[in-house]
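S.K.: Residue numbers (my numbering): 30 to 679.
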Ligand code: ME8
């Protein structure tokens, strides 16, 4: 690898709203790159954070009746908490309200001013608060609306400092030409070049009409101005390293990859490099812009109520599965659509059938024939061709990752799994054993284990928890040593006895999140008033139903055969309930405030037995208990006399 340091950044997210799948996507890609960089021995620094100044935030706080700082603190914490819960391996979480960041921004302003790149004038034009962007009249839609988000713009006429962006047009074009992979993917580079060739106008970089922002440096002696939020925000990438204060980590600059969504490419590929050149700082190696996530084919928006909450998806489907899905499903730079169906397909097929099943096959083979032991000593003797094919794929991976072809990285990483699954089908360990070719059968075991080990090392940056489970079962740890040995030096595993582990990817038969049904489902046509009267009678606001509708619900008597508390949950108990089937059902019940696990043991309950399974705090729940709750608390509904478990209620 050409560079020994890897500084990786995400955009800093606005605190006007909580994180959604788009934010999670950027952050998970960055986390993947950071994890790979660390594993491959690079000095890695991974930055994320929140963007807290500007008119948009000030207005969001006002509309919620909070001070801007309190509001920013609260929302910033929700981002940080989410990344912590997602085990995002960031090294620093920056906030643009941090004192040293603000100092660094002032330093940058002073330096640009000294370098002759800043002058004072009057700004006349239109400002979109939502995009925090100025637009010349010719770019507006119907002379008023923002060309980016379609919202109404505000007419602004105010004194402003300007950055001489127009002076940078030729320098930037030259830079793009000399560094063809500065902007990734290449298709996006062409867009930027066309925009810059169209002509750059100087950029208004201060505002006077509000004051939630960084003040100008004291020597400017102009206290009514605050910095334009994008100048403030972009500088975070260097102030996080100490720019303008102690320069402590500035040796990490320039960044190896700066990840962004395509919506903010112009700021990162035009303004940001121009600011850096003005400050005499080198430019980042790559600005990598990914595409846009939609939900079931539609743009996500709060008003449609179809915003995908990453925490909810990860809780229901597993964090690593969610990570894999997002990175595998969409070619980097392209737009992606989130649907539960697509996610389930990836989990059942790629993860369950190809990866999970291979581990099960190895557990089966080594258990049945060799009491779990795996020895690689004769792998090369019998299966050199397979090893060569596997290594040829592994060799292609690293460049794909840093060219941001992550979906191809994963596609290529699946080839060794195909080699392994095919080898089992072709050489048939059961036949080898029948024919007394034990050495070959053990070597096949060794081959499969080696492939699983190599794949889990390279998959680790995408699926850290799952790959750690695999490596534990195979008795090795994923780190720089094993990366070197297994991937670079093509070594095999030391002999070991395989641990049996639970299936990694239990098959998912139906969507796990009910409330996430496609939003484009047409609502039932409304019956006319007259028809309504015929169909149903309303009593005290409760719709009456027919007896057949009632019988669609399967209610059964259940006996609680096991009860325990759900760790870290104030409300939930985890129950195993016998409802007369082969095995008890697992039910997660929100009753802990009123019943202890002990209270519930060996009692009878009424169970709704045909609810779609749901997940609560990551635990599958296959039923619901009937209970009644009023102002005095909650009580379970139980049969008056003991009844056989599974007895139908109705
Ligand atoms: O733009 N699909 O912050 P922001 C994919 N503060 N990615 C999405 C997405 C979607 N539907 N929605 C958002 C800002 N993103 C500025 C950045 S950086 C110096 C300042 C992701 O909270 C994507 O990475 O609006 C996008 O660039 C970022 O969130 C914008 O986040």
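All C-beta atoms in this analysis are idealised placements derived from N, C-alpha and C, irrespective of residue type, glycine included. Remember, predicted model here, so these are calculated numbers, not experimental data.
Around the C-beta of residue 113, are 16 or more other C-beta atoms found within 10 angstroms, so that it is buried, or is it exposed?
M.R.: Your numbering for residue 113 matches position 84 in the chain shown. So residue 113 ends up on the exposed side.
S.K.: Tell me the DSSP secondary structure of residue 330 in three-state form.
M.R.: The residue labelled residue 330 in the question sits at position 301 within the chain shown. Coil.
S.K.: Cβ-heavy atom distance between residue 322 and ligand 1 below 7 Å?
M.R.: Reading the chain shown from its first residue, position 293 is the one you call residue 322. Residue 322: yes, Cβ under 7 Å from ligand 1.
S.K.: Are there 16 or more other CB atoms within 10 angstroms of the CB of residue 661, so buried, or fewer, so exposed?
M.R.: Counting from 1 along the chain shown, the entry for residue 661 is found at position 632. Under this definition residue 661 is an exposed residue.
S.K.: What number of angstroms, rounded off, separates the C-alpha of residue 418 from the C-alpha of residue 448?
M.R.: Indexing the chain shown from 1 puts residue 418 at position 389. Indexing the chain shown from 1 puts residue 448 at position 419. Approximately 8 Å between the Cα atoms of the pair.
S.K.: Quick check for students: name the residue ranges of the beta strand (DSSP E) that lie wholly in the stretch 622-656, counting only runs of 3 or more.
M.R.: Complete beta strand (DSSP E) runs here, min 3: 633-637, 643-645, 648-650.
S.K.: Answer with buried or exposed for residue 465, where buried requires no fewer than 16 other C-beta atoms within 10 angstroms of its C-beta.
M.R.: In the chain shown, counting from the first residue as 1, residue 465 sits at position 436. Classification of residue 465: exposed, given that the 10 Å Cβ count is below 16.
S.K.: Using 8 Å as the cut-off, can you tell me whether the stretch 419-427 makes contact with the stretch 336-354, which would need three or more C-beta pairs spanning the two stretches below that distance?
M.R.: Cβ pair count under 8 Å is below three, so no.
S.K.: What did DSSP end up calling residue 220 once you bin it into helix, strand or coil?
M.R.: Here residue 220 is taken as the residue at index 191 of the chain shown, counted from 1. Of the three classes helix, strand and coil, the one that applies to residue 220 here is helix, per DSSP.
S.K.: Where does residue 392 sit, in a helix, a strand or coil, going by DSSP?
M.R.: Start at 1 with the first residue of the chain shown, and residue 392 comes out as number 363. DSSP places residue 392 in helix when its eight states are reduced to three.
S.K.: Out of curiosity, what's the CA-to-CA distance linking residue 309 and residue 262?
M.R.: Sequence index remark: in the chain shown, residue 309 carries index 280 (1-based). Sequence index remark: in the chain shown, residue 262 carries index 233 (1-based). Computed Cα separation, rounded: 19 Å.
S.K.: Less than 7 Å between the CB of residue 416 and some heavy atom of ligand 1, yes or no?
M.R.: Here residue 416 corresponds to residue number 387 of the chain shown, with the count starting at 1. No.
S.K.: Starting from residue 186, trace the beta strand (DSSP E) in both directions and tell me its first and last residue.
M.R.: Position 157 of the chain shown holds residue 186. That run of the beta strand (DSSP E) goes 183-192.
S.K.: Classify residue 747 as helix, strand or coil using the three-state DSSP reduction.
M.R.: In the structure as shown, the chain begins at 30 and stops at 679. Residue 747 is therefore absent and cannot be evaluated.
S.K.: Hey, would you say the C-beta of residue 292 is under 7 Å away from at least one heavy atom of ligand 1?
M.R.: In the chain shown, the residue the question calls residue 292 occupies position 263. Because some heavy atom of ligand 1 lies under 7 Å away, the Cβ of residue 292 counts as near it: yes.
S.K.: Using a Cβ-Cβ cut-off of 8 Å (strictly less than) and excluding sequence neighbours within five positions of residue 193, which residues of its own chain qualify?
M.R.: As a first step, residue 193 must be located in the chain shown, where it is residue number 164. Result list for residue 193: 145, 146, 147, 148, 231, in chain order.
S.K.: If we count the other Cβ atoms within 10 Å of its Cβ and call it buried at 16 or more, is residue 663 buried or exposed?
M.R.: If you number the chain shown from 1, residue 663 lands on position 634. Label assigned to residue 663: exposed.
S.K.: Express the C-alpha separation of residue 180 and residue 166 in angstroms, rounding to a whole number.
M.R.: Along the chain shown, read from residue 1 onward, the residue named residue 166 stands at position 137. Along the chain shown, read from residue 1 onward, the residue named residue 180 stands at position 151. For residue 166 and residue 180, the distance between alpha carbons rounds to 14 Å.
S.K.: Specify whether the stretch 500-519 and the stretch 431-438 touch according to this definition: at least 3 beta carbon pairs, one from each stretch, less than 8 Å apart.
M.R.: With a cut-off of 8 Å, the stretch 431-438 and the stretch 500-519 do not count as touching, because too few Cβ pairs lie within range.
S.K.: Three-state secondary structure (DSSP) at residue 204?
M.R.: Working through the chain shown from its first residue, we reach residue 204 at position 175. Residue state, collapsed to three classes: helix.
S.K.: Would you mind giving the Cβ-Cβ distance between residue 495 and residue 533, rounded to the nearest angstrom? I have them listed as a contact below 8 Å.
M.R.: What you label residue 495 is simply residue 466 of the chain shown in a count that begins at 1. What you label residue 533 is simply residue 504 of the chain shown in a count that begins at 1. Going by Cβ atoms, the distance from residue 495 to residue 533 rounds to 6 Å, so yes, they are a contact pair.
S.K.: Here's the rule: buried if 16 or more other CB atoms are within 10 angstroms of the residue's CB, otherwise exposed. What is residue 595?
M.R.: Numbered from 1 along the chain shown, position 566 holds the residue referred to as residue 595. Burial call: buried.
S.K.: Who are the near neighbours of residue 364 in its chain, counting only those whose CB is closer than 8 Å to its CB and skipping five residues on each side?
M.R.: By one-based count along the chain shown, residue 364 stands at place 335. Closer than 8 Å at the Cβ level, and outside the excluded window around residue 364, lie 320, 321, 322, 323.
S.K.: Give the range of the alpha helix (DSSP H) segment to which residue 130 is assigned.
M.R.: Your numbering for residue 130 matches position 101 in the chain shown. Note, residue 130: alpha helix (DSSP H), 128-143.
S.K.: To the nearest angstrom, how far is the alpha carbon of residue 295 from that of residue 221?
M.R.: The sequence position of residue 295 within the chain shown is 266, counting from 1. The sequence position of residue 221 within the chain shown is 192, counting from 1. Each residue's alpha carbon lies about 7 Å from the other.
S.K.: DSSP three-state call for residue 195: helix, strand or coil?
M.R.: Translated into the one-based positions of the chain shown, residue 195 becomes position 166. Three-state DSSP puts residue 195 in a helix.
S.K.: Using 8 Å for Cβ pairs, my map puts residue 86 next to residue 241. What's the rounded Cβ distance?
M.R.: Here residue 86 is taken as the residue at index 57 of the chain shown, counted from 1. Here residue 241 is taken as the residue at index 212 of the chain shown, counted from 1. So it is a contact: roughly 6 Å between Cβ atoms.
S.K.: Assign residue 238 to one of three DSSP states: helix, strand, or coil.
M.R.: Within the chain shown, residue 238 is the residue found at index 209, counting from 1. Residue state, collapsed to three classes: coil.
S.K.: Determine the DSSP secondary structure at residue 517, reduced to helix, strand or coil.
M.R.: Start at 1 with the first residue of the chain shown, and residue 517 comes out as number 488. Residue 517 falls in the helix class under three-state DSSP.
S.K.: Is any beta-carbon of chain D found at less than 8 Å from that of residue 355?
M.R.: Within the model displayed, chain D is absent; a lone protein chain is all it includes.
S.K.: Need the endpoints of the alpha helix (DSSP H) that residue 471 sits in, please.
M.R.: As a working mapping, residue 471 is identified with position 442 in the chain shown. 467-488 is the extent of the alpha helix (DSSP H) around residue 471.
S.K.: In the DSSP assignment, find the unbroken alpha helix (DSSP H) run with residue 496 in it and report its ends.
M.R.: Walking along the chain shown from the start, residue 496 turns up at place 467. Counting along the chain, the alpha helix (DSSP H) containing residue 496 begins and ends at 493-502.
S.K.: Contact defined as beta carbons within less than 8 Å: I believe residue 176 pairs with residue 170. What is the distance between those atoms, to the nearest angstrom?
M.R.: Residue mapping note: residue 176 aligns to position 147 of the chain shown, counting from 1. Residue mapping note: residue 170 aligns to position 141 of the chain shown, counting from 1. Going by Cβ atoms, the distance from residue 176 to residue 170 rounds to 6 Å, so yes, they are a contact pair.
S.K.: Using 8 Å as the threshold, is the C-beta distance between residue 655 and residue 617 below it?
M.R.: Residue numbering aside, residue 655 sits at position 626 when the chain shown is read from its first letter. Residue numbering aside, residue 617 sits at position 588 when the chain shown is read from its first letter. Contact: no.
S.K.: Quick one: Cα of residue 590 to Cα of residue 679, how far?
M.R.: Here residue 590 is taken as the residue at index 561 of the chain shown, counted from 1. Here residue 679 is taken as the residue at index 650 of the chain shown, counted from 1. Rounded to the nearest angstrom, the two C-alpha atoms are 23 Å apart.
S.K.: Can residue 633 and residue 668 be called in contact, C-beta distance under 8 Å?
M.R.: Here residue 633 is taken as the residue at index 604 of the chain shown, counted from 1. Here residue 668 is taken as the residue at index 639 of the chain shown, counted from 1. Cβ atoms of residue 633 and residue 668: closer than 8 Å.
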